[in-house]
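Here the structure comes first, spelled out in structure tokens, and everything after it is commentary.
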Amino acid sequence: MSIDVLFSATHTVVRHSRRTVQRMLRQWTVFLGVLLVFVWAPAMALDAQEADHEIHQSLRNLTTQAVDAINHGAYDKLMPLLSDQIRYTPITQQTLRSKQEILDFYAKWFGPDKDIRSFALEVEPDDLTQLSEDKRWGLATGKAKETYVAMDGKTYTFSTRWSAVVMQDADKMWRIRSFHAGANILSNALLDGATKMQSRIGWISGIVGLLSGLLLSGIFFRIPRRPV
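Using our numbering, the letters of the sequence shown map in sequence onto residues 5 to 232.
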């Protein structure tokens, strides 16, 4: 084999090897680009959507602690989560203006020997809390399911709407400044129960009226008539 042929063969191999390496580099570049699109871009979108992530996480923790305290009947644990200037309007629509009034409200109505034996609360916010420009205030709204077990054992479930104002106190802790819950007066557990009871009373009244009519008719036709 001549030197020219050997050189030509070697050059061909090197040229093909170089092309192969370039093709592999292009493939890896495309692969890394696609990987960045599917991994990095969603993370950037999430950061853009929730720029105040730490604040919203603190507010989620605040909500979780408040709901847990209520569901476990540990109303004293609810108090540190409330502002000293709290305005609290439960489903009864009476405005409570202090932490002590809130404690008195729950002590009066809720407990094993009270009108409401137990109470369970589930909340679902509509969206992220709307924060003020200085990031010290926020407004949240949402829906809830409130389940009450009365003294007689009957269970009443209400679908409610709620709104809350939260604020960051001087100690940098987020607290509930105002809370308001309301139920639909045209569709709720008590109204449904009253409607069913009214329907039952109507059926019972109709049956009693029918039986009374039959009874009176039987008595009337059994009375011997005097000949005229």
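Glycine included, C-beta positions come from ideal geometry on N, C-alpha and C.
In the structure shown, the three-state DSSP call for residue 174 is coil. Residue state for residue 136 is assigned as coil, using DSSP reduced to three classes. Residues of the same chain with a CB within less than 7 Å of the CB of residue 168, apart from the 5 flanking positions on each side, are 144, 180, 182, 183 in chain order.
The beta carbon of residue 141 sits closer than 6 Å to those of 171, all from its chain and outside the five residues before and after it, given in chain order.
Its Cα nearest to that of residue 109, the residue 98 stands out among 98, 188, 160. Between residue 148 and residue 75, the beta carbon gap of about 12 Å keeps them out of contact (Cβ cut-off 8 Å). Less than 7 Å divides the Cβ of residue 63 from the Cβ of residue 133. Sorting 85, 81, 127, 139 by C-alpha distance to the C-alpha of residue 146 places 127 at the top.
Your pair residue 155 and residue 119 checks out as a contact, with CB atoms roughly 6 Å apart and the cut at 8 Å.
Given a length threshold of 3 residues, the region 49-86 has no whole run of the beta strand (DSSP E) inside it.
Within the DSSP bridge table, the entry for residue 99 names no partner. For residue 151, the CB contacts under 6 Å within the same chain, skipping 5 residues up- and downstream, are 124, 161 in chain order.
Membership of residue 120 in the beta strand (DSSP E) is indicated by the continuous run 120-129. Per DSSP, the continuous beta strand (DSSP E) segment holding residue 147 begins and ends at 141-154.
For the pair residue 69 and residue 86, the CB atoms are not nearer than the 7 Å cut-off. The residues 135, 139, in chain order, have a CB closer than 7 Å to that of residue 56 in the same chain once the five nearest residues on each side in sequence are set aside. Under the three-state reduction of DSSP, residue 117 is assigned to coil, being neither helix nor strand.
With respect to residue 79, residue 107 sits close: the two C-beta atoms are nearer than 7 Å. For a cut-off of 8 Å, the C-beta gap from residue 185 to residue 95 is around 5 Å, short enough to register as a contact.
In this model, residue 191 and residue 166 are separated by some 16 Å (Cα to Cα).
Counting the other Cβ atoms within 10 Å of the Cβ of residue 67 gives 16 or more, which makes it buried. Between residue 153 and residue 122 the beta-carbon gap is near 4 Å, inside 8 Å, which marks them as a contact. Shown here for residue 83: same chain residues with a beta carbon closer than 8 Å to its own, the five before and five after excluded, namely 103, 106, 107 in chain order.
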